[in-house]
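In what follows, a structure is listed as structure tokens, so that the remarks can point back to it.
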Amino acid sequence: MNETLLLARRAVREVWRIPAATIPALFIPVFFLVVNLGQVNRIFPPSTPFLHGQHYVAFQIPVSLVFAVSSATSGLAMVTDIDVGYLDKLLAAPIRRTAIVWGRLAADLARGIAVSMLVLAVGFAFGARVKSGLVGVLLLIALSAMWGVAYAGIAIAIALKTKNVQTTNASFIIFFPLLFLTPNFVPLDLLAGPLKAIARFNPVTYVITGLRDLVLFPDIHWGSLGACALTIALTGVALTALSLRALTRFSE
Amino acid sequence: MTSEAPTDLAIEVRGLVKRYRGGRGQDELSAVRGIDLGVRRGEVFGFLGPNGAGKTTTVRMLCTLLPITEGHATVAGVDVGRDPAEVRRRIGVALQEVGLDARQSGRELLELQCGLYRIADPAARSAELLRLVGLEDAADRLIGTYSGGMKRRLDLATALVHEPQVLFLDEPTTGLDPASRLTVWQEVRRINALGTTVFLTTQYLEEADQLCDRLAIIDDGTIVAQGTPDELKSELGSDVLTIGLDPVEHDRARDALLTLAGLDHVTDAAEGLAVYVDDAAGAVADVVRLLGDAGIRPGAIALSRPSLDDVFLASTGRRIEGGVPEMAS
Chain Z
1 MNETLLLARR AVREVWRIPA ATIPALFIPV FFLVVNLGQV NRIFPPSTPF LHGQHYVAFQ
61 IPVSLVFAVS SATSGLAMVT DIDVGYLDKL LAAPIRRTAI VWGRLAADLA RGIAVSMLVL
121 AVGFAFGARV KSGLVGVLLL IALSAMWGVA YAGIAIAIAL KTKNVQTTNA SFIIFFPLLF
181 LTPNFVPLDL LAGPLKAIAR FNPVTYVITG LRDLVLFPDI HWGSLGACAL TIALTGVALT
241 ALSLRALTRF SE
Chain E
1001 MTSEAPTDLA IEVRGLVKRY RGGRGQDELS AVRGIDLGVR RGEVFGFLGP NGAGKTTTVR
1061 MLCTLLPITE GHATVAGVDV GRDPAEVRRR IGVALQEVGL DARQSGRELL ELQCGLYRIA
1121 DPAARSAELL RLVGLEDAAD RLIGTYSGGM KRRLDLATAL VHEPQVLFLD EPTTGLDPAS
1181 RLTVWQEVRR INALGTTVFL TTQYLEEADQ LCDRLAIIDD GTIVAQGTPD ELKSELGSDV
1241 LTIGLDPVEH DRARDALLTL AGLDHVTDAA EGLAVYVDDA AGAVADVVRL LGDAGIRPGA
1301 IALSRPSLDD VFLASTGRRI EGGVPEMAS
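Chains as they are written, first to last, in the numbering used here: chain Z, 1 to 252; chain E, 1001 to 1329.
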């Protein structure tokens, strides 16, 4: 079996064996979803124009999806590997070093798929529907999981650079402003001036908007979907490159 | 293509240097200061020194885990700097920090390791290694539940999956209880008997004495002595008489013994003085007489051959364990 697949299998097994590493990351977005609904549901009834006949929960699901999959779990697992000396064992083995990072990202993909399915199930339970049907559901899961993979690179890079749990965990905190400086509560056009300007430059805006259009509209909006996919791809390339560079420099 | 050179040496090191960049406003730190080593194929070579001497840094450079600042090293006939990937194929590594993933079972970890080294039948090879290191019964338990000794044995097994030509063991018994230490020693002897060259770092004198065909002593990044344990001890050319004394009498006793026939030198010992003399057995009577003439009554007198600690002391002026400084000669 290919070395990347071997390391991916190990990382996925780890996700399965340590649910405590995944469940807290799931709890916070679901908690926010429920609290937001409790506060805003009556202000934005389904007749609100930007909800297109859906409950507000449908509008919020993409935010919860992105929130749930953007975790520092792989970075924290990398710190553990560094602490116990297992990363040294991998670095002393005759394998491509990139396989070490790819293996971790494969676990993020598996975790992202599982977490996205759970968030969607919660959303469905609260009355949300994905108007674009089964294709939309599959795209929501796939794109959310891929965003999780793309974003994981930053935690892995921080882990390799600092070898420190607290600092690595901070990569999750970095995500908070990125998530909230977006049209997460209302559409971009309704945001106040300065926030609107910032949101336009925030890549997470395009991820949320692309996912949201899949939830709200029966037909695929290729423009927003393409922007979403492109943002995920560019983020993934940039942050994965950062983590691979950090691994190359790890021993220096 | 590899940069392999025909040689009888499993490890050859010339002028090896490791310097680390200092922090802000600090000078560079030299961890290894130009060492030369030659490890023959098939031997157990010991690298003895106190904490911070440069042992682990040297091993990490030879295992391709740290870039070499200056100098040249070949391992298993391959240039470490030029072809690190080929070096990795030929070596096994068990570092000081037991490199195991506590979230996998012993069998899973070994099978993964076999896969990374492209072993044809990972399941069969893992089972064979588990049997060899006596972990068959615990093979399917998570490694997090293993004792320290079990983890060390599994770590050894992971270093052996591909039958390496050279095995690096960095302080393999540090933190182990005496029984586990003996088990690891047996493993090292068994592995070596199968033809694997073993490069072993240790801060334990007994371990170096018991296991190593030859050894080098490193202190402050520099090799201070190299040879077989017997050669190194013989170079001191003296037996040791350890004399129990009241601490207040040390100076007077040292002065009294200056005229002892065959005296090499005298140092402080744990509860008295260590007297290095050509023929300790023949000198006992003279020691008692000289001390008696000075009005000193010695306690227990013990006779011994020089130890590796004495070799370290003679080479560096310090004890490797306990830090007792040399006081007189």
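Backbone N, C-alpha and C fix where the C-beta goes; we use that ideal spot for every residue, glycine too.
Along chain E, which residues have their Cβ under 7 Å away from the Cβ of Z/Arg-104? Under the 7 Å cutoff, chain E gives no residues; its nearest Cβ is about 13 Å from Z/Arg-104.
Buried or exposed by the 16-neighbour rule on C-beta atoms within 10 Å, applied to Z/Leu-234: exposed
Under the rule that 16 or more other beta-carbon atoms within 10 Å means buried, what is Z/Glu-252, buried or exposed? exposed
Do the stretch 1064 to 1079 of chain E and the stretch 1105 to 1115 of chain E make contact, defined as three or more Cβ pairs closer than 8 Å? no
Let's test the definition: count the other Cβ atoms within 10 Å of the Cβ of E/Arg-1024 and tell me whether it reaches 16, buried, or not, exposed. Looking at its Cβ environment, which holds fewer than 16 other Cβ atoms inside 10 Å, E/Arg-1024 is exposed.
Chain Z beta carbons: is any one of them nearer than 9 Å to that of E/Ala-1102? yes
Cβ pair count under 8 Å reaching 3, the stretch 1228 to 1243 of chain E against the stretch 1262 to 1277 of chain E: The stretch 1228 to 1243 of chain E vs the stretch 1262 to 1277 of chain E: in contact.
Using 8 Å as the cut-off, can you tell me whether the stretch 113 to 120 of chain Z makes contact with the stretch 60 to 73 of chain Z, which would need three or more C-beta pairs spanning the two stretches below that distance? yes
Do Z/Gly-136 and Z/Val-115 have their beta-carbon atoms positioned less than 9 Å apart in this structure? no
Which of the three DSSP states is assigned to Z/Phe-254 in this structure? In this structure chain Z extends from 1 to 252, so residue 254 of chain Z is not present and cannot be described.
Buried or exposed by the 16-neighbour rule on C-beta atoms within 10 Å, applied to Z/Val-66: With 16 or more other Cβ atoms within 10 Å, it is buried.
When the distance is taken between beta carbons, is Z/Met-146 closer than 9 Å to Z/Gly-103? no
Along chain E, which residues have their Cβ under 7 Å away from the Cβ of Z/Gly-85? Leu-1095, Glu-1097, Val-1098, Gly-1099
Counting only beta-carbon separations shorter than 9 Å, does E/Arg-1082 have a partner in chain Z? E/Arg-1082 does not count as touching chain Z.
According to DSSP, is E/His-1072 part of a helix, a strand, or is it coil? Three-state DSSP puts E/His-1072 in a strand.
Roughly how far, in whole angstroms, is the beta-carbon of Z/Ala-155 from the beta-carbon of Z/Ala-21, given that I think they are within contact range, below 8 Å? About 12 Å; that fails the 8 Å criterion.
Just the chain E side, please: which residues come within less than 7 Å of Z/Leu-91 by C-beta, in chain order? Leu-1065
Beta bridge counterpart(s) of E/Arg-1033 as assigned by DSSP: E/Val-1017
Please list, in chain order, the chain Z residues whose beta carbon lies closer than 9 Å to that of E/Leu-1112. Leu-6, Leu-7, Arg-9, Arg-10
Counted within 10 angstroms of its Cβ, other Cβ atoms place Z/Ala-254 as buried (16 or more) or exposed: Shown here, chain Z extends from 1 to 252; a query on residue 254 of chain Z therefore has no answer.
Count the other CB atoms, across all protein chains shown, that sit within 10 Å of the CB of E/Glu-1028; report buried if there are 16 or more and exposed otherwise. exposed
With DSSP as the reference, identify every bridge partner of E/Ile-1320, one or two as the case may be. According to DSSP, E/Ile-1320 bridges with nothing at all.
Below 6 Å CB to CB, which residues in the same chain sit around Z/Leu-90 once its five sequence neighbours on both sides are set aside? Counting only residues of its own chain and dropping the five nearest sequence neighbours on each side, Z/Leu-90 has a CB closer than 6 Å to the CB of Ile-100.
Compute the beta-carbon to beta-carbon distance between E/Leu-1339 and E/Val-1275, rounded to the nearest angstrom, for a pair I have assumed lies under 8 Å. Since the displayed chain E opens at 1001 and closes at 1329, residue 1339 of chain E lies outside it and no answer follows.
Answer with yes or no whether the minimum CB distance from Z/Arg-111 to chain E is below 9 Å. no
Just to confirm my understanding: we take E/Leu-1135, look at its own chain, exclude 5 residues before and 5 after, and list those with CB closer than 7 Å. What are they? Gly-1106, Met-1150, Arg-1153, Leu-1154
From the beta carbon of Z/Ile-23, is the nearest beta carbon of chain E less than 9 Å away? no
From the beta carbon of Z/Pro-62, is the nearest beta carbon of chain E less than 9 Å away? no
Expressed to the nearest angstrom, what Euclidean distance is found between the alpha-carbon atoms of E/Leu-1313 and E/Ile-1320? 7 Å
In chain order, each beta strand (DSSP E) run of at least 3 residues that lies wholly inside the stretch 1287 to 1321 of chain E: Counting whole runs of 3 or more residues, the stretch 1287 to 1321 of chain E contains the beta strand (DSSP E) stretches 1301 to 1304.
Let's see if you can read the secondary structure: which residues bound the beta strand (DSSP E) around E/Ala-1216? It spans 1214 to 1219 - the beta strand (DSSP E) in which E/Ala-1216 sits, taken as one unbroken run.
By the three-class DSSP mapping on this structure, what secondary structure does Z/Val-35 have? helix
Taking a cut of 9 Å between CB atoms, which residues from the stretch 1136 to 1160 of chain E lie near chain Z? Taking 9 Å as the upper bound on Cβ-Cβ separation, chain Z lies near residues Leu-1142, Asp-1155, Thr-1158, Ala-1159 of the stretch 1136 to 1160 of chain E.
Is the CB of Z/Pro-254 under 9 Å away from at least one CB in chain E? Residue 254 of chain Z lies beyond the stretch modelled for chain Z, which goes from 1 to 252, so this question has no answer here.
Within the same chain, show all residues whose beta-carbon is closer than 8 Å to that of Z/Val-79, passing over the 5 residues directly before and after it, in chain order. Ala-159, Lys-163, Asn-164, Val-165, Thr-168
Tell me whether Z/Val-186 is buried or exposed, calling it buried when 16 or more other Cβ atoms sit within 10 Å of its Cβ. It is exposed - the Cβ of Z/Val-186 has fewer than 16 other Cβ atoms within 10 Å.
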